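Visitor: Sharing a structure with you now.
Protein chains: 2
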Amino acid sequence: MPKQRDVQAQRELLSNATWEVLADSGLPGLTLRAVAERAGCTTGLVMHAFPTKKALLLHARDLLYDRTAVRADAAEAASPDAFGALEAVLDCGSDGDADREESRVWVGFLAAALADYDLAERHRAANRSFLARVRRLVAACCPKWTDDRLELATKSLVSLVEGLNVLVAADPVAYPAEVRRAALSKALAELKPPDRSGGGRHSG
Amino acid sequence: MPKQRDVQAQRELLSNATWEVLADSGLPGLTLRAVAERAGCTTGLVMHAFPTKKALLLHARDLLYDRTAVRADAAEAASPDAFGALEAVLDCGSDGDADREESRVWVGFLAAALADYDLAERHRAANRSFLARVRRLVAACCPKWTDDRLELATKSLVSLVEGLNVLVAADPVAYPAEVRRAALSKALAELKPPDRSGGGRHSG
DNA sequence: TCCTTTCCGTAACAAGCGTTACCGTAGCAG
DNA sequence: CTGCTACGGTAACGCTTGTTACGGAAAGGA
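Chains as they are written, first to last, in our numbering: chain A, 706 to 909; chain B, 706 to 909.
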């Protein structure tokens, strides 16, 4: 049995390349040749690893979801309480340079999803998964809230965060990190208006 | 002087067609032929009305901005006080079917702006104009607030609204009109916590 | 060492894109 | 009615796209 390959590694390599191309060339620049060049191979390998371009796109979309899920899990696990976890999860889209890139990719996939049913399905699944996570954390923060209130707070928080991500992707100057942080903090402060036991922020 | 045409009307017709194609075929489906077919003509007229595809895109982008500005002006003028104006302006993206289309178009242009400098410039200008409008109304609602607080509230509101617009464009089921309305109302309630003189909502 | 089998780079394909050149034609002046 | 001129539909161009077919090369078994 001659010359075996690591299919999994190839698919991940190509998905990463897809991600990078999408980040700095946008959706119209996402061509198989661009992906191949970024991955350091030719379109031959791309078409052997994925049957079609759409399969590559869907796999890259899944990869984006996996990454955010892994990071959210890590942020959640590293936080001592539910408040900190919620803050970390919602803020994990503001870390550094790599994340602005992720926002750009997210916007690209979103725009593509508006005209592609499969991509739209994955977008919805990912966003609802994110909603469920945030809702769980909000519920942990405010156990006495009704379902309606939980629902509203969750979707408000998610909308705020995604809005910030979208807007900062197109205009980083108008939405600097400090503004984003402050907006998030103010929104999170809504979750604990009565009791002010201890400071949630770890630093000044 | 034979056979004169109404250039302005042609440009508007084509921009509208561009808008419609972008709304239901997405960015990759936005071709000159598709625009021409939607406008009921051929690519010949398109290329006579606009020198290039990018010029058409930019004009369509300007048209989108003009429409939202006109509608915001109308919403503002029809409101008796600053609170109502702010609510109307922020809510003007949730009216009916035509508006979901507008959100989709907005997302499409945003994604295109991530890889096109001129489109990005117009996006920034439009968003900053919107920020200025909201900030002016917030300032009218809360005259005693500091600049920092104004800035934060303004950008939080805009982020929330744009986030809702983006999310509802891709998943209308998860973000129904009532949720959006409630989220906006709750965010606006932040602007007047101390005095509770009269109800702001006009109807049930 | 040689053979076999899988891999993947090369190169071609048809289709679609934005763009261009051309010419029939429709409308006004005389 | 005739002639002129700008308009815009037609069709082609060159280019890039996704996709496919093919052949050389590399790695494990005999």
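In this text, a Cβ means the ideal position worked out from N, Cα and C, and glycines have one as well. Nothing here was measured: the structure is a model prediction, and the numbers come from that model.
Write down the C-beta distance between H828 (chain A) and A875 (chain B) rounded to the nearest angstrom, noting that I regard them as a contact closer than 8 Å.
Guide: What you label residue 828 (chain A) is simply residue 123 of the first sequence in a count that begins at 1. What you label residue 875 (chain B) is simply residue 170 of the second sequence in a count that begins at 1. The Cβ separation is near 5 Å, so the contact holds.
Visitor: Which residues of the region 830-843 of chain A have a Cβ closer than 9 Å to any Cβ of chain B? Give them in chain order.
Guide: From the region 830-843 of chain A, only N832, R833 and L836 have a Cβ closer than 9 Å to chain B.
Visitor: Determine the DSSP secondary structure at R743 (chain A), reduced to helix, strand or coil.
Guide: By one-based count along the first sequence, residue 743 (chain A) stands at place 38. In the structure shown, R743 (chain A) sits in a helix (DSSP, three-state: H, G or I).
Visitor: What does the Cβ neighbour count give for V712 (chain B), buried or exposed, with the cut at 16 atoms within 10 Å?
Guide: Here the question's residue 712 (chain B) lines up with position 7 in the second sequence. Label assigned to V712 (chain B): exposed.
Visitor: Using a Cβ-Cβ cut-off of less than 9 Å, give me the residues of the region 850-867 of chain A that come near chain B, in sequence order.
Guide: Per Cβ criterion, the list reads D853, E856, L857, A858, K860, S861, V863, S864, L865, V866 and E867.
Visitor: Would you check if there are 3 or more beta carbon pairs closer than 8 Å linking the region 857-866 of chain A to the region 887-895 of chain B?
Guide: Counting Cβ pairs under 8 Å, three or more are found: they touch.
Visitor: Decide if D729 (chain B) is buried, meaning its Cβ has at least 16 other Cβ atoms within 10 Å, or exposed.
Guide: Start at 1 with the first residue of the second sequence, and residue 729 (chain B) comes out as number 24. Exposed, by the Cβ-count rule.
Visitor: Kindly list, in the order they appear in chain A, the residues whose Cβ is closer than 7 Å to that of S730 (chain B).
Guide: Indexing the second sequence from 1 puts residue 730 (chain B) at position 25. In chain order: A820.
Visitor: Put T748 (chain B) into one of helix, strand or coil per three-state DSSP.
Guide: Taking the first residue of the second sequence as 1, we reach residue 748 (chain B) at position 43. Helix.
Visitor: Using alpha carbons as the reference points, say which of B:L762, B:G731 and B:P733 lies closest to L719 (chain B).
Guide: The residue labelled residue 719 (chain B) in the question sits at position 14 within the second sequence. With distances taken between Cα atoms, L719 (chain B) lies closest to B:L762.
Visitor: Counting contacts by CB-CB distance shorter than 8 Å, is V740 (chain B) in contact with chain A?
Guide: For this step, residue 740 (chain B) is matched to residue 35 along the second sequence. Cβ-Cβ to chain A under 8 Å: no for V740 (chain B).
Visitor: Smallest Cα separation from V884 (chain A): which of A:T723, A:L865 and A:R809?
Guide: In the first sequence, counting from the first residue as 1, residue 884 (chain A) sits at position 179. Per the Cα distances, A:L865.
Visitor: Could you check how far apart the C-beta atoms of F871 (chain B) and G868 (chain A) are, in whole angstroms? I think they sit under 8 Å.
Guide: Residue mapping note: residue 871 (chain B) aligns to position 166 of the second sequence, counting from 1. Residue mapping note: residue 868 (chain A) aligns to position 163 of the first sequence, counting from 1. Correcting the residue type first, residue 871 (chain B) is Val in the shown sequence and not Phe. Indeed, because the Cβ distance is near 7 Å, the residues count as touching under 8 Å.
Visitor: Could one say the Cβ of D876 (chain B) lies closer than 8 Å to chain A's Cβ atoms, at least one of them?
Guide: Mapped onto the second sequence, residue 876 (chain B) falls at position 171. So, interface residue.
Visitor: Starting from the Cα of A820 (chain A), find the closest Cα among B:R710, B:E725 and B:P707 and give me that residue.
Guide: In the first sequence, residue 820 (chain A) corresponds to position 115, counting from 1. That would be B:E725, whose Cα lies nearest to the Cα of A820 (chain A).
Visitor: Can you check the region 781-813 of chain B for any alpha helix (DSSP H) of at least 4 residues that lies completely inside it and give the ranges in chain order?
Guide: Fully enclosed alpha helix (DSSP H) runs of 4 or longer: 787-796.
Visitor: Just to confirm the assignment, what range does the alpha helix (DSSP H) spanning Y880 (chain B) have?
Guide: By 1-based counting over the second sequence, the position of residue 880 (chain B) is 175. Per DSSP, Y880 (chain B) belongs to no alpha helix (DSSP H) and is neither H nor E.
Visitor: Counting C-beta neighbours from all protein chains within 10 Å, is the total for Y822 (chain B) 16 or more, i.e. buried, or is it exposed?
Guide: Position 117 of the second sequence, counted from the start, is the residue given in the question as residue 822 (chain B). So Y822 (chain B) ends up on the exposed side.
Visitor: Check whether the Cβ atoms of A816 (chain A) and G731 (chain B) sit closer than 8 Å, and answer yes or no.
Guide: Your numbering for residue 816 (chain A) matches position 111 in the first sequence. Your numbering for residue 731 (chain B) matches position 26 in the second sequence. Yes.
Visitor: In the DSSP assignment, find the alpha helix (DSSP H) that holds E895 (chain B) and state where it starts and stops.
Guide: By 1-based counting over the second sequence, the position of residue 895 (chain B) is 190. Neither: E895 (chain B) is in no alpha helix (DSSP H) and is coded neither H nor E.
Visitor: Looking at C-alpha atoms only, which residue of B:A739, B:L727, B:P707 and B:L750 is the closest neighbour of A714 (chain B)?
Guide: The residue labelled residue 714 (chain B) in the question sits at position 9 within the second sequence. Measuring from the Cα of A714 (chain B), the nearest candidate turns out to be B:L750.
Visitor: How about A831 (chain B) and A825 (chain B): do their beta carbons lie closer than 8 Å?
Guide: In the second sequence, the residue the question calls residue 831 (chain B) occupies position 126. In the second sequence, the residue the question calls residue 825 (chain B) occupies position 120. Cβ atoms of A831 (chain B) and A825 (chain B): not closer than 8 Å.
Visitor: Check whether the Cβ atoms of A744 (chain A) and A760 (chain A) sit closer than 8 Å, and answer yes or no.
Guide: Start at 1 with the first residue of the first sequence, and residue 744 (chain A) comes out as number 39. Start at 1 with the first residue of the first sequence, and residue 760 (chain A) comes out as number 55. Result no, Cβ atoms of A744 (chain A) and A760 (chain A) do not sit closer than 8 Å.
Visitor: Quick one: residues in its chain with C-beta nearer than 7 Å to the C-beta of D900 (chain A), no 5 flanking neighbours on either side, listed in chain order?
Guide: For the purposes of this step, residue 900 (chain A) is taken as the residue at position 195 of the first sequence. In this prediction, D900 (chain A) scores a pLDDT of 49, lower than 50, which makes its location untrustworthy; the coordinate-derived value is nonetheless stated afterwards. Around D900 (chain A): no qualifying Cβ.
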